[in-house]
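Asker: For reference, the structure I am asking about is given below.
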Amino acid sequence: MTQRRYILLPIATLLALLSTLGHAGEVSHEQARRLLEQGAIKPLQDIIAIVQAKVPGEILETELEYDDAGLVYDFKILRPGGRVQEVEVDAKTGRIIKIEDDD
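Numbers 1003 to 1105, taken from my numbering, label the letters of the sequence shown in order.
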């Protein structure tokens, strides 16, 4: 019975971890507020100013999420020519990580 417990415990832990991966990318409003208060992310208004200086257009959508790069702001921007682009920005530094056409 003891050996069985030693085998089942890591399996149960792995299953619990895998079940959270689908939600790993989402950051709630409450989490975002705490991250801002802790200084872990820049305010959205600061990030918007950085993005609009580099990629002018109408912001269609903004999300704060966990990514391979860490916490990122993800924007969808309608450019003056009608093209929609995705802009990904490091939430802590404000550095633009990528700009690409949205599919």
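For every residue, glycine included, the Cβ atom is placed at its ideal position computed from N, Cα and C. Values in this document were obtained by computation on a predicted structure and should not be read as measured data.
Measuring CB to CB, does Ala1051 end up less than 8 Å from Tyr1075?
Answerer: It is not a contact, given that the beta carbons lie outside the stated cut-off.
Asker: Taking the continuous beta strand (DSSP E) assigned at Val1086, which residues delimit it?
Answerer: Note, Val1086: beta strand (DSSP E), 1086-1092.
Asker: Which value, in whole angstroms, describes the spacing of the CA atoms of Asp1069 and Ile1098?
Answerer: Those two C-alpha atoms are separated by around 14 Å.
Asker: What do you get for Glu1039, buried or exposed, if any count of 16 or more other CB atoms within 10 angstroms of its CB means buried?
Answerer: When all chains shown are included, Glu1039 counts as exposed.
Asker: Measuring CB to CB, does Gly1059 end up less than 8 Å from Pro1082?
Answerer: Going by C-beta atoms, Gly1059 is nearer than 8 Å to Pro1082.
Asker: What's the call for Leu1023, buried or exposed, on a 16-neighbour Cβ count within 10 Å?
Answerer: Because Leu1023 sits at a pLDDT of 40, beneath the cut-off of 50, its placement in the model cannot be relied upon, and the following sentence gives the value as read from the coordinates. With fewer than 16 other Cβ atoms within 10 Å, it is exposed.
Asker: Are the beta-carbon atoms belonging to Leu1062 and Ile1043 less than 8 Å from one another?
Answerer: No, Cβ-Cβ distance for Leu1062 and Ile1043 is not below 8 Å.
Asker: Can Asp1104 and Lys1078 be called in contact, C-beta distance under 8 Å?
Answerer: Contact flag set, yes.
Asker: Tell me which residues share the same chain as His1025 and place their Cβ nearer than 8 Å to its Cβ, disregarding the 5 neighbours each side in the sequence.
Answerer: Residue confidence is low: His1025 scores 43 on pLDDT, short of 50, so the model does not pin down where it sits. No coordinate-derived value is stated.
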